[in-house]
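Taking the working numbering, the leading residue of the sequence shown gets 11, the next gets one more, and so forth.
Even for Gly, the Cβ is constructed at its ideal location relative to N, Cα and C.
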Amino acid sequence: MSTFPASKTRFGFTLIELLVVIAIIAVLIGLLLPAVQQAREAARRSQCKNNLKQLALAAHNYHDTSGFIPPGCIMAESPNAFYGAMQHGAFTYMLPHLEQANIYKEFDFGLGFDHADHQDVVNTKIPVFNCPSTPNAGQTALTGHYLGYANANVYNNNGHTAVATDYRGVRLVAATDGTTYGTGLMAYLIDLPSTFPTLYNDISRFRHCTDGLTNTVLFFEMSGQPDVYVNGQPTGQKINDLNPFNTIYQTWPSIVGQLIKTYQSDGVTSPGSRVMNTTNNEQPYSFHTGGVQVALGDGSARFVSESINSEVWFNICTRDDGEVVGDF
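As structure tokens, then:
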């Protein structure tokens with residue numbers, strides 16, 4: 011009787027089949043990964059917008075209880091004002107309206123925010139003060155202050171730190187000519203000698219916004235500090251490397267009222283024609299593609315394209331320049 015060898019049962023893939031499967035998986039990943047990344051960025055962008063809404067609502071609640079918009083900072087009385095120990099900024103005073111009353115109670119308002127006794131509380135990360143799209147959001151940054159009137163150009167870095175914020179309030183905005191300035195919704199409240207301009211000793215109320223709250227920016231993104239970014243790329247520098255004075259603006263407990271500048275395309279030369287996303291050094295800057303998010307005086311938040319006309323941007327950042335804009 012003839013016998014035949016039993017046929018061999020095949021298991022697994024041949025090399026060619028395996029390569030085909032790998033290629034298919036690679037194609038699927040290539041198709042799906044951008045969609046996943048876009049979905050994640052959309053979620054981060056939505057959270058950023060919600061943060062700005064919360065900040066605007068907190069500012070309104072502060073205004074309701076105090077009678078004025080939270081100042082960019084409240085500094086010590088003369089003769090230590092402005093160049094003395096840095097006092098507390100708007101976000102600190104808004105803490106009770108952001109469900110952060112316990113953190114607010116940790117502050118001794120008889121001491122500057124950068125005092126050694128405040129090191130624990132000012133290094134607390136509070137999510138509403140940071141955009142989730144920012145790389146390394148919530149880094150610690152140096153704090154410090156000027157030494158005094160007699161040494162106005164001498165900066166004192168006391169070695170203390172606080173957590174950086176990605177949001178600012180509009181105090182002043184510069185036009186592209188570099189000489190014209192408009193007043194924003196956020197003032198400084200400082201007891202300064204009468205020789206100082208009123209922009210350093212002011213109380214801002216929502217009724218001062220004669221241009222209309224729906225058309226006026228209250229808060230905006232200036233993300234990524236203390237790292238310096240230019241045209242989407244980190245420069246390897248810190249803000250205090252460029253200008254030590256700006257160190258006092260970069261953390262959430264410090265000065266929040268910001269002077270907004272224009273820049274040329276190099277992100278270094280000011281003034282220029284570009285109003286945002288050129289650099290995060292004294293200019294609106296975000297890690298969202300194509301623009302920045304802002305909170306308006308009426309409590310709403312929206313995305314503003316970086317292609318916005320420079321005059322329109324100037325108008326929506328000023329509270330009373332008399333130029334009421336339409337859609338932007």
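Practice item. For the region 234-252 and the region 68-85, state whether three or more C-beta atom pairs, one from each stretch, are separated by less than 8 Å. Key: no
Check your understanding: In whole angstroms, what is the alpha-carbon distance linking ASP176 and GLY82?
Key -> Residue mapping note: residue 176 aligns to position 166 of the sequence shown, counting from 1. Residue mapping note: residue 82 aligns to position 72 of the sequence shown, counting from 1. Computed Cα separation, rounded: 15 Å.
Point to revise | Length of the line joining the Cα atoms of VAL132 and GLU231 | key: Here residue 132 corresponds to residue number 122 of the sequence shown, with the count starting at 1. Here residue 231 corresponds to residue number 221 of the sequence shown, with the count starting at 1. Between VAL132 and GLU231, the C-alpha separation is close to 20 Å.
Check your understanding: If we ignore side chains and look at the alpha-carbon of each, how far apart do PHE37 and GLN48 end up?
Key -> Residue numbering aside, residue 37 sits at position 27 when the sequence shown is read from its first letter. Residue numbering aside, residue 48 sits at position 38 when the sequence shown is read from its first letter. For the record, residue 37 in the displayed sequence is Val; it is not Phe. When rounded, the distance between both Cα atoms is 18 Å.
**Study point:** Boundaries (first-last residue) of the alpha helix (DSSP H) holding GLY40
**Key:** As a first step, residue 40 must be located in the sequence shown, where it is residue number 30. Unbroken alpha helix (DSSP H) run through GLY40: 25-76.
Practice item. Between the Cα of PHE119 and those of THR24, ASP130 and GLN97, spot the shortest distance and give me the residue it belongs to. Key: By 1-based counting over the sequence shown, the position of residue 119 is 109. The candidate whose alpha carbon is nearest that of PHE119 is GLN97.
Review point. What residue from ALA111, ASP212, HIS170 and GLN274 has the CA that sits closest to ASP127's CA?
Key: Translated into the one-based positions of the sequence shown, residue 127 becomes position 117. Here the closest residue by C-alpha is HIS170.
Exercise for review: Please name the residue or residues paired with PRO244 in a DSSP beta bridge.
Suggested key: For the purposes of this step, residue 244 is taken as residue 234 along the sequence shown, with counting starting at 1. PRO244 pairs with TYR239.
Check your understanding: If you drop the 5 nearest sequence neighbours on each side, which residues of the same chain put their C-beta closer than 7 Å to that of VAL5?
Key -> Because the chain is modelled from 11 through 338, residue 5 falls outside the range shown and cannot be assessed.
Check your understanding: If we ignore side chains and look at the alpha-carbon of each, how far apart do GLN268 and VAL46 end up?
Key -> Numbered from 1 along the sequence shown, position 258 holds the residue referred to as residue 268. Numbered from 1 along the sequence shown, position 36 holds the residue referred to as residue 46. Using only the alpha carbons, I get a separation of about 35 Å.
Review point. DSSP state of LEU284, grouped into three classes?
Key: By one-based count along the sequence shown, residue 284 stands at place 274. It should be pointed out that residue 284 corresponds to Arg in this sequence rather than to Leu. Strand, per DSSP.
Practice item. Consult DSSP for ARG3 and reduce its assignment to one of helix, strand or coil. Key: Because the chain is modelled from 11 through 338, residue 3 falls outside the range shown and cannot be assessed.
Review point. What are the boundary residues of the alpha helix (DSSP H) that LEU252 is part of?
Key: Within the sequence shown, the letter at position 242 stands for residue 252. 249-252 is the extent of the alpha helix (DSSP H) around LEU252.
Practice item. Can you tell me the Cβ-Cβ gap for LEU62 and PHE229, rounded? I've got them flagged as a contact below 8 Å. Key: Here the question's residue 62 lines up with position 52 in the sequence shown. Here the question's residue 229 lines up with position 219 in the sequence shown. Their Cβ separation, rounded to whole angstroms, is 6 Å, which keeps LEU62 and PHE229 in contact under 8 Å.
Exercise for review: Kindly indicate which three-state DSSP category VAL173 falls into: helix, strand or coil?
Suggested key: Here residue 173 is taken as the residue at index 163 of the sequence shown, counted from 1. Strand, per DSSP.
Review point. Excluding the five sequence neighbours on either side, which residues of its own chain have a C-beta within less than 6 Å of the C-beta of TYR114, listed in chain order?
Key: Looking up residue 114 in the sequence shown gives position 104. LEU105 and PRO106, listed in sequence order.
Point to revise | Secondary structure of CYS141, DSSP reduced to three states | key: Taking the sequence shown and counting its residues from 1, the one referred to as residue 141 is at position 131. CYS141 falls in the coil class under three-state DSSP.
Exercise for review: Taking VAL314 and PHE338 to be in contact with their CB atoms under 8 Å, please state how far apart those CB atoms are, rounded to whole angstroms.
Suggested key: Working through the sequence shown from its first residue, we reach residue 314 at position 304. Working through the sequence shown from its first residue, we reach residue 338 at position 328. Indeed, because the Cβ distance is near 7 Å, the residues count as touching under 8 Å.
Practice item. Between the Cα of THR320 and those of ASP330, ILE249, GLN274 and VAL266, spot the shortest distance and give me the residue it belongs to. Key: Here the question's residue 320 lines up with position 310 in the sequence shown. Inspection of the sequence shows that residue 320 is occupied by Ser rather than by Thr. If we check each option's Cα against that of SER320, GLN274 comes out closest.
Check your understanding: Based on Cα-Cα distance, which residue from ASP330, GLY122 and ALA111 lies nearest to ILE136?
Key -> The residue you call residue 136 lines up with position 126 of the sequence shown. Among ASP330, GLY122 and ALA111, the Cα nearest to that of ILE136 is on ALA111.
**Study point:** Beta-carbon contacts of TYR191 that lie in its chain and below 6 Å, excluding the five residues immediately before and after
**Key:** Residue mapping note: residue 191 aligns to position 181 of the sequence shown, counting from 1. Within the same chain, TYR191 has close Cβ partners LEU182 and ALA184.
**Study point:** Nearest neighbour of GLY307, chosen from ALA69, ILE258 and GLY99 [CA to CA]
**Key:** If you number the sequence shown from 1, residue 307 lands on position 297. Per the Cα distances, ALA69.
Exercise for review: Can you say whether ASP221 is buried or exposed, counting buried as having 16 or more other CB atoms within 10 angstroms of its CB?
Suggested key: Against the sequence shown, residue 221 aligns to sequence position 211. So ASP221 ends up on the buried side.
Review point. Leaving out the 5 sequence neighbours to the left and right, which residues in its chain are closer than 6 Å to THR205 when beta-carbon positions are compared?
Key: Counted from its first residue, the sequence shown places residue 205 at position 195. Confidence at THR205 is low in this model, with a pLDDT of 46, below 50, so its placement is unreliable and the value that follows should be read with caution. So no residue of the chain qualifies.
**Study point:** Nearest-angstrom Cβ-Cβ length linking LYS172 and THR153, presumed shorter than 8 Å
**Key:** Against the sequence shown, residue 172 aligns to sequence position 162. Against the sequence shown, residue 153 aligns to sequence position 143. One point to set straight first is that residue 172 is Ala, not Lys, in the sequence displayed. Indeed they touch by this definition, with Cβ atoms about 5 Å apart.
**Study point:** ALA91, buried or exposed, once every other Cβ within 10 Å from all chains shown has been counted against 16
**Key:** Residue 91 sits at position 81 when you count from the first residue of the sequence shown. Caution is warranted here: a pLDDT of 48 is assigned to ALA91, below 50, making its placement in the model unreliable, and the coordinate value is therefore given only provisionally. Classification for ALA91: buried.
Exercise for review: Take LEU223 as the anchor and find which of LEU42, PRO44 and VAL304 has the nearest alpha-carbon.
Suggested key: Counting from 1 along the sequence shown, the entry for residue 223 is found at position 213. The candidate whose alpha carbon is nearest that of LEU223 is VAL304.
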